[in-house]
Amino acid sequence: MSRVGCWPIESGMPSTHQLGDYLRARRELLRPHDVGLTEGPGRRRVAGLRRSEVAILAGISTEYYVKLEQGQEANPTTQVLDALSRALKLDDTATVYLHALVKATERPAPQASSSAIDRTQWLIDSWPMTAAMVLDRYNDILAMNPLMAALVAGYRPGRNALTVLLTDPELRELYLEWEGLSGRSIGLLRSRVGLAPDQPRVQELIAELTRDSPRFRELWRRHDIEGMTEGTHPMNHPEVGRLDLHYAHLPLVGAEDHTIFLYYAEPGTPHELALARLVSGR
1086 MSRVGCWPIE SGMPSTHQLG DYLRARRELL RPHDVGLTEG PGRRRVAGLR RSEVAILAGI
1146 STEYYVKLEQ GQEANPTTQV LDALSRALKL DDTATVYLHA LVKATERPAP QASSSAIDRT
1206 QWLIDSWPMT AAMVLDRYND ILAMNPLMAA LVAGYRPGRN ALTVLLTDPE LRELYLEWEG
1266 LSGRSIGLLR SRVGLAPDQP RVQELIAELT RDSPRFRELW RRHDIEGMTE GTHPMNHPEV
1326 GRLDLHYAHL PLVGAEDHTI FLYYAEPGTP HELALARLVS GR
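The sequence shown begins at 1086 in this note's numbering and counts up one residue at a time.
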């Protein structure tokens, strides 16, 4: 069985070690000085913290922690999970994900109906100065408006937005902070699909990205978790030049795993004027 980032890619079966894989990945990212410990003399034989060091920091026995990493203990208490979160220096989003790994129940991902997608298409088409597209939990593009197509040439319905971001060299030129954007996007994908690794679309997507993207291979094994955020993406557009656009995610009513992702410019700025030129085609 091929494994990438501790995921069973080919079997189509859910991993029984998701919690252990996550703990191990996060442990290996920390050094003793990150958590107030001394490394001691000699060369360490492990990447990151030792299991015993995590156990001490979390106030649990080393034996119990080893069982957690090896998948022999699948039901730690909330108190233990919170202690592990503190020991591994997880942020709020990663802590929520850690708890969800223990409480996860498999369920089909809710799908938006074709009529709901059609109505959303009408909506985003009515936003002449807002670039928008509809994404499912896998970042597959279900619909988009003309401004998004003009803004990011590689995006179009039927393609996967993350695959395009990671493999299209033109997007690496478009996004001036591509490294940070790609890292956050990979973390967001894990937060959205990490509890259902056995779903065929998840398996297919992870295998494709692992094969085609060195950036994905580098970061997926870290098990970084990102939530949906708002912020600004600086771009260098080939037609209108520098654009600093705000971005946001809007939930799609009736399909909780679908979002409307949009870009918009601050009113009265040169970026709004540049976006208007893109809209007009001049």
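Glycine is no exception: its CB is placed at the ideal position from the N, C-alpha and C atoms.
Asked                                                                                                                                                                          : Found
Which residues mark the beginning and the end of the alpha helix (DSSP H) in which residue 1233 is found?                                                                      : 1231 to 1236
Quick check on residue 1240: does DSSP put it in helix, strand or coil?                                                                                                        : coil
How is the beta strand (DSSP E) around residue 1265 delimited, first residue to last?                                                                                          : Looking at the DSSP string, residue 1265 is not in any beta strand (DSSP E); the run it does join, the alpha helix (DSSP H), is 1263 to 1278.
Using 9 Å as the threshold, is the C-beta distance between residue 1219 and residue 1227 below it?                                                                             : yes
Are residue 1336 and residue 1344 touching if we call contact CB-CB under 9 Å?                                                                                                 : yes
Per DSSP, which one or two residues make a beta bridge with residue 1218?                                                                                                      : 1229 and 1346
Below 8 Å, is the gap between the Cβ of residue 1358 and the nearest heavy atom of the ligand FMN?                                                                             : The ligand FMN is absent from the structure shown, which contains no ligand whatsoever.
Can you say whether residue 1045 is buried or exposed, counting buried as having 16 or more other CB atoms within 10 angstroms of its CB?                                      : The structure shown does not extend to residue 1045, since the chain is modelled only from 1086 to 1367, so the question has no answer here.
Once the 5 residues before and after residue 1143 are set aside, which same chain residues still bring their CB inside 8 Å of it?                                              : 1150, 1165, 1168, 1169, 1171 and 1172
Here's a check: name, in chain order, each residue in its chain whose Cβ is nearer than 8 Å to the Cβ of residue 1187, leaving out the five neighbours to either side.         : 1104, 1159, 1160, 1161 and 1166
Could you please give the first and the last residue of the uninterrupted beta strand (DSSP E) stretch that includes residue 1317?                                             : 1316 to 1322
Keeping to the same chain, check which residues put their C-beta closer than 7 Å to that of residue 1179; ignore five residues upstream and five downstream.                   : 1310
Can you tell which of 1185, 1109, 1119 and 1128 has its C-alpha closest to the C-alpha of residue 1277?                                                                        : 1185
Can you tell me whether residue 1026 is buried or exposed? The criterion is at least 16 other CB atoms within 10 Å of its CB, across all chains shown.                         : For residue 1026 there is no data in the structure shown, the boundaries of the chain being 1086 and 1367.
Is the distance from the Cβ of residue 1363 to the Cβ of residue 1246 below 9 Å?                                                                                               : no
Enumerate in chain order the residues of its own chain whose CB-to-CB distance from residue 1177 is below 7 Å, with the five nearest sequence positions on each side excluded. : none
When the Cα atoms are used, what is the spatial distance from residue 1365 to residue 1111?                                                                                    : 48 Å
Taking the alpha carbon of residue 1122 as the point to measure from, which residue in 1140, 1107 and 1108 has its own alpha carbon closest?                                   : 1140
Are the stretch 1255 to 1275 and the stretch 1303 to 1319 in contact at 8 Å, needing three or more beta carbon pairs?                                                          : yes
Leaving out the 5 sequence neighbours to the left and right, which residues in its chain are closer than 6 Å to residue 1334 when beta-carbon positions are compared?          : 1313, 1344 and 1346
Taking the beta carbon of residue 1200 as the centre, do at least 16 other beta carbons fall within 10 Å, making it buried, or is it exposed?                                  : exposed
Which residue wins for smallest C-alpha separation from residue 1331, given the options 1360, 1338, 1342 and 1324?                                                             : 1360
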